[in-house]
Amino acid sequence: MPIVAQSTETTDWVSRFADEVIAESERRAPGKPVVVASGLSPSGPIHLGNLREVMTPHLVGDEVRRRGHEVRHLISWDDYDRYRKVPAGLAGVDESWAEHIGKPLTSVPAPNGSPHPNWAEHFKAAMTESLAEMGVEFDGISQTAQYTSGVYREQILHAMRHRRDIDAILAQYRTKPKAAGKKSQKPVDEAELEAAEGSGAAAEDDGSQGSAGYFPYKPYCGNCEKDLTTVTAYDDDSTELTYACTACGFSETVRLSEFNRGKLVWKVDWPMRWAYEGVVFEPSGVDHSSPGSSFQVGGQIVGIFDGEQPIGPMYAFVGISGMAKMSSSKGGVPTPADALKIMEPQLLRWLYARRRPNQSFKIAFDQEIQRLYDEWDRLDAKVAGGTSQASSTGGGSALPADAAAHARAVGTATGELPRTPRPLPYRTLASVADITAGHEDQALRILSELDPANPLTTLAEARPRYDKAEAWINTQVPADQRTVVRREPDAELLKSLDEPSRQSLRLLLDGLAGQWSLDGLTHLVYGVPKVQAGFSADATPKELPPEIKTAQRTFFALLYHLLVGRDTGPRLPTLLLAVGQERVRTLLGE
């Protein structure tokens, strides 16, 4: 089977796939555009696991385009799939939607309050908007439009003529039901299963098998619109097809050469499209790696349509860290739109670009997002500061694979994505947004004091990163972890302090005026315990005994208690700037 091998070497996986895709495209269709593909089912919120279905061919296709080749990235919207179930907890949807189960997604009403004409368009719109923000260009194909306009008529008739050949292939993989009571070796997480699935259509059956034989085609009922139908007769010469609906009892005979209200079953539909579109590269979820899965079976069925299976990797699960604050109305797993509220598109692109498709990774909605941003900013600085190099020696330059992932994150073959003019540290912006609670004038005051030599003059310079950090604070940080600065000094705590504690506060207060910048205050707060112990404020950790770290932690905890009434909080230099010099002096008992 032509699945691209995935090396474990630390190399740029996108370039390796691009090499193979170009060679394969030249072999199959020389001189024609390179076709890469994704499939998405708008059966509910299209989440961050599904995004890997798009980002893998996008990144590979974009590399092929950078090399001067014409590329088509197809996204097949599987909007002619059946509506399977009512998504749990989705806003605007209740169990009454169950009456639509079995209808095409484009025949189901949109959730209450939606401006879109149907269920499928509602969920497609959110994904389309997110892909635009991420710089993903694609040709969208509505499978409803393809089927109902008769585009696939010849392919359907061809499949019906070769139904016995298709059945013989599928029969190789059909297995008997598991014995009752036999437990699965590993519990299956539904969200993980959904995230691994490239298209929701993969859960469909592989056709109807009745007294009239096997048929790879499912009509939608002419009365109730549902696909709970069984083909009871078919004539190859006249193409007359008779079906019966088990949902409403309706039955009719139609001429398939003129009938456009039905579709091929998934395990036949997917390889048919590979052949019809000439797809060279398409990834698939890990669930497709097992015998009898859609990708495996499709590799044989595609030959019936005179096509070839695409090359492409199996992609692994995309996890989430910190979902506690995610609204249940989202239906469970966060979407790209949820991620783009709290992170810039460059960071989200980077998370998919830096890991090979067969490597799972997590997208952070918790405090880990601050560490990820720190890592991204360090890489950004390395790339800006010098050329990449093949070894890790030399310190300042990015490794080639890291530099390549960075380049793929910041832009595409058509140009760079818009970026924040002054990308201040995300954790600093989050702290400022937390402390100022929406007061932009206060936020600008604090941010302008971070670097007095090069002050920020308008919040626009820090946007959109500032807005993403503010959204993270407002939507992902629990209320009991938000920072609230004391209104009045803690007189009782101040009165109870011993002399060393009083001295540490005096050293800090004496240095405030001369060190009022982010760097200056960082030096000051870390330096106070060093000076108290008889060392220079500039002494490095190697020059200090271990107990200095303990003294620093004790000093920091005291400051947090006096300023915000807790043991911890935002980084102290940022907090001090936010509170302001005059109020700091008041709260620290001056």
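FYI, the numbering for the sequence shown is 1118 to 1707, going by the working numbering.
The beta-carbon is built from N, C-alpha and C at its ideal position, and this holds for glycine as well.
According to DSSP, is residue i helix, strand or coil?
i, result
"D1326", "Before going further, note that residue 1326 is Gln rather than Asp in the sequence given. Strand."
"K1380", "strand"
"D1136", "helix"
"E1660", "helix"
"M1460", "coil"
"I1710", "Since the first and last residues shown for the chain are 1118 and 1707, residue 1710 lies out of range."
"Y1337", "coil"
"L1675", "helix"
"F1422", "helix"
"R1390", "helix"
"M1721", "Lying before the first or after the last residue shown, residue 1721 is absent from the chain, which here runs from 1118 to 1707."
"G1395", "coil"
"T1529", "strand"
"I1486", "helix"
"G1298", "With a pLDDT of only 44 at G1298, under the threshold of 50, the placement of this residue in the model should not be trusted; the figure read from the coordinates follows. In the structure shown, G1298 sits in coil (DSSP, three-state: anything other than H, G, I, E or B)."
"I1163", "coil"
"Y1269", "coil"
"S1316", "Reliability fails at S1316, whose pLDDT of 45 lies under 50, so the model's placement of it is uncertain and no value is given."
"H1233", "coil"
"T1223", "helix"
"G1206", "coil"
"E1309", "Note on E1309: pLDDT 43, under 50, position unreliable in the model; the coordinate value appears next. Three-state result, E1309: helix."
"E1605", "coil"
"A1579", "helix"
"T1537", "coil"
"T1716", "A question about residue 1716 goes unanswered here, because the residues of the chain that appear run from 1118 up to 1707."
"S1407", "coil"
"M1251", "coil"
"L1680", "helix"
"A1498", "helix"
"L1465", "helix"
In terms of DSSP beta bridges, what is residue i paired with?
i, result
"C1362", "T1346"
"S1514", "DSSP lists no partner for S1514."
"W1194", "L1157 and S1259"
"R1189", "V1152"
"Y1351", "L1358"
"S1438", "A1481"
"V1401", "The residue asked about is misnamed: residue 1401 is Ser in this sequence, not Val. For S1401, which the question treats as bridged, DSSP gives the partners M1431."
For residue i, which of the options has the nearest alpha-carbon?
i, options, result
"D1423", "P1430, R1473 and G1395", "G1395"
"G1429", "V1203, S1401 and Q1413", "S1401"
"G1686", "I1590, R1700 and D1615", "I1590"
"L1549", "P1535, R1525, G1532 and A1586", "Reading the sequence as shown, one finds Val at residue 1549 and not Leu. Minimum Cα distance to V1549 is reached at A1586."
"P1663", "A1674, H1678 and P1646", "P1646"
"Y1290", "A1329, S1634, D1636 and S1410", "S1410"
"R1333", "E1369, R1278, Q1487 and S1355", "Reading off the sequence, residue 1333 comes out as Pro, not Arg. Minimum Cα distance to P1333 is reached at R1278."
"L1373", "T1265, D1198 and L1248", "T1265"
"G1230", "Y1643, H1239, R1603 and R1169", "H1239"
"T1356", "Y1393, I1273 and D1282", "I1273"
"L1626", "E1616, P1617, D1636 and V1642", "V1642"
"F1434", "R1473, G1416, M1460 and I1459", "R1473"
"P1388", "R1169, Y1269 and T1370", "Y1269"
"A1363", "P1162, V1131, E1342 and W1383", "Residue 1363 is actually Thr in this sequence, not Ala. Comparing Cα-Cα distances from T1363 to each of P1162, V1131, E1342 and W1383, the minimum goes to E1342."
"M1172", "P1462, V1701, G1185 and L1638", "P1462"
"E1742", "V1500, D1386, R1604 and R1488", "The chain is shown from 1118 up to 1707; residue 1742 falls before or after that span and cannot be answered."
"P1540", "A1579, K1612 and S1618", "A1579"
"I1218", "V1602, A1522 and Y1337", "Y1337"
"I1258", "E1250, G1252 and T1245", "T1245"
On the DSSP letters alone, give me the boundaries of the beta strand (DSSP E) that residue i sits inside.
i, result
"S1411", "No beta strand (DSSP E) holds S1411; the alpha helix (DSSP H) holding it covers S1411 to I1418."
"R1199", "R1199 -> no beta strand (DSSP E), and no H or E assigned at all."
"S1259", "D1256 to S1259"
"I1480", "F1478 to A1481"
In the DSSP assignment, the alpha helix (DSSP H) including residue i goes from what residue to what residue?
i, result
"T1370", "Not the alpha helix (DSSP H): T1370 falls in the beta strand (DSSP E), residues S1368 to R1372."
"V1642", "L1635 to Q1649"
"R1280", "R1280 to A1288"
"Q1620", "E1616 to L1629"
"Q1593", "R1582 to Q1593"
"S1565", "E1557 to S1565"
"R1544", "Y1543 to T1553"
"L1693", "L1689 to V1696"
"L1610", "A1608 to S1613"
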